[in-house]
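Peer 1:
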Amino acid sequence: MIDIREIYRNNEGVKKDNKYSSPSYSMQIFNKTYINLEKAFYNPDIIQKREELRKWTKKIESVWVNANKHREPTPEEWGKYFAHFLDYIEADRNESLFLGVDVWTSIKRETELQIYLDDKLKEADKKAETDIYEAICYLIDQKHTYHRDILDEGRADLLLRNEINAIIFDCLQIKINEISQKQPPEPQPFAPIIPKKPFKWNSNKQTLGTLFGVLFNRGIIEGNASDFQAQILALFENAPAKTTLADNINLKVSDGRAKYCENTEVLLKDWITFLKEKTTKTKK
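Next up, the structure:
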């Protein structure tokens, strides 16, 4: 059995800020192309392996953009517990899986997660008795599954979903290594597509981050805010400093003072209403 508590306790992210972190999970692209590439890597038939790698590497460039969008909470999901997306972001930042909660809640969560993981590992062991490669493929499918509703606390399950999935991802990889006796290839992050001549923002810098911050906060744009921030920094040669841009995008208020352009927020009000109406009509 893989001891979840031990893996959690020894994690560098937990030691640093009480949040489990996994570089491999963070850089993984979750879609059919990468599932099949990973399965090909472990294929014991070298001819089949070659053909599968040839087939699926041709599809890499066309699939990586926004590939993990489905792993972000939808407005319907976070809207059950929070009035605004930024409230969800703040709660997500402060929620801890095992630390900083009642000891019995911590034990309950550990038990829920351990049972869920053990079921996957037992199924893999059962398959490995007759076909090791089939067991590996099963574990790869589980690595790429977005696991939900593991905790019986709906709000906590939502806030801790990425952390829980990162733990499961790493534990399943440990099992794959054990069964295959082979180390996986190191994942490499994709470099953002940057124009030869970066764009220039010809207005007050604070308005740049505020514009996108309002769009994020109102649910017009969905996705990972940190990734989007990195793209803005790469795209605009005169973008604000990283921390300033983050404050703008997050519509941060500190000591009663807004760290973003309040006038931009006010002026965008009617436009946001218009966009929401258009979004609703499109969905219908």
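Take the sequence shown: its letter number 148 is residue 148 in UniProt numbering, and every next letter is one higher.
In this text, a Cβ means the ideal position worked out from N, Cα and C, and glycines have one as well.
Would you tell me roughly how many angstroms separate the C-alpha atoms of residue 291 and P240, rounded to the nearest one?
Peer 2: Because the chain in this structure spans residues 1 to 284, residue 291 falls outside the shown range and cannot be described.
Peer 1: Kindly indicate which three-state DSSP category T103 falls into: helix, strand or coil?
Peer 2: Here the sequence assigns Val to residue 103, which means Thr is not the residue at that position. Reduced to three states, the DSSP call for V103 is helix.
Peer 1: In angstroms, rounded to a whole number, what distance separates the CA positions of A83 and A91?
Peer 2: Distance between the alpha carbons of A83 and A91: 12 Å.
Peer 1: For a quick check, are the C-beta atoms of L268 and N217 less than 8 Å apart?
Peer 2: Going by C-beta atoms, L268 is not nearer than 8 Å to N217.
Peer 1: According to DSSP, what are the bridge partners of I214?
Peer 2: At residue 214 the sequence reads Val, which differs from the Ile that was named. DSSP output for V214 lists no bridge partner at all.
Peer 1: What are the complete alpha helix (DSSP H) segments, minimum 4 residues, inside the segment 25 to 54?
Peer 2: 32 to 42, all fully within the segment 25 to 54.
Peer 1: List the endpoints of the continuous alpha helix (DSSP H) containing Y88.
Peer 2: Start and end: F85 to N94.
Peer 1: Apply the 10 Å Cβ neighbour rule to E262 and answer buried if 16 or more other Cβ atoms are within range, or exposed otherwise.
Peer 2: Classification of E262: exposed, given that the 10 Å Cβ count is below 16.
Peer 1: Compute the beta-carbon to beta-carbon distance between K39 and I140, rounded to the nearest angstrom, for a pair I have assumed lies under 8 Å.
Peer 2: That belief holds up - the Cβ atoms of K39 and I140 are roughly 6 Å apart, short of 8 Å.
Peer 1: CA-CA distance, H144 and L97?
Peer 2: The alpha-carbon atoms of H144 and L97 are separated by roughly 21 Å.
Peer 1: Which of the three DSSP states is assigned to R257 in this structure?
Peer 2: Here R257 sits in strand by DSSP.
Peer 1: Across which residues does DSSP place F236 in a beta bridge pair?
Peer 2: F236 is bridged to F199.
Peer 1: Would you call the CB atoms of I4 and L159 closer than 8 Å?
Peer 2: Their beta carbons are not under 8 Å apart, which means I4 does not touch L159 by this criterion.
Peer 1: Give me the Cα-Cα distance between Q231 and P44, rounded to the nearest whole angstrom.
Peer 2: For Q231 and P44, the distance between alpha carbons rounds to 40 Å.
Peer 1: Taking the continuous alpha helix (DSSP H) assigned at R161, which residues delimit it?
Peer 2: Its alpha helix (DSSP H) spans residues R161 to S180.
Peer 1: Report the residue from E95, N162, L172 and T244 whose alpha carbon sits nearest the alpha carbon of N204.
Peer 2: It is T244.
Peer 1: According to DSSP, is D58 helix, strand or coil?
Peer 2: Looking at the sequence provided, one finds Lys at residue 58 rather than Asp. Of the three classes helix, strand and coil, the one that applies to K58 here is coil, per DSSP.
Peer 1: What number of angstroms, rounded off, separates the C-alpha of K182 from the C-alpha of C137?
Peer 2: Looking at the two C-alpha atoms, the distance is approximately 14 Å.
Peer 1: Does DSSP put A241 in a helix, in a strand, or in coil?
Peer 2: Note: A241 maps to coil in three-state DSSP.
Peer 1: Do you know offhand how far T130's Cα is from I47's?
Peer 2: Cα to Cα, the separation comes out at about 22 Å.
Peer 1: Report the three-state DSSP secondary structure of N248 (helix, strand or coil).
Peer 2: Looking at N248 - three-state DSSP - the assignment turns out to be helix.
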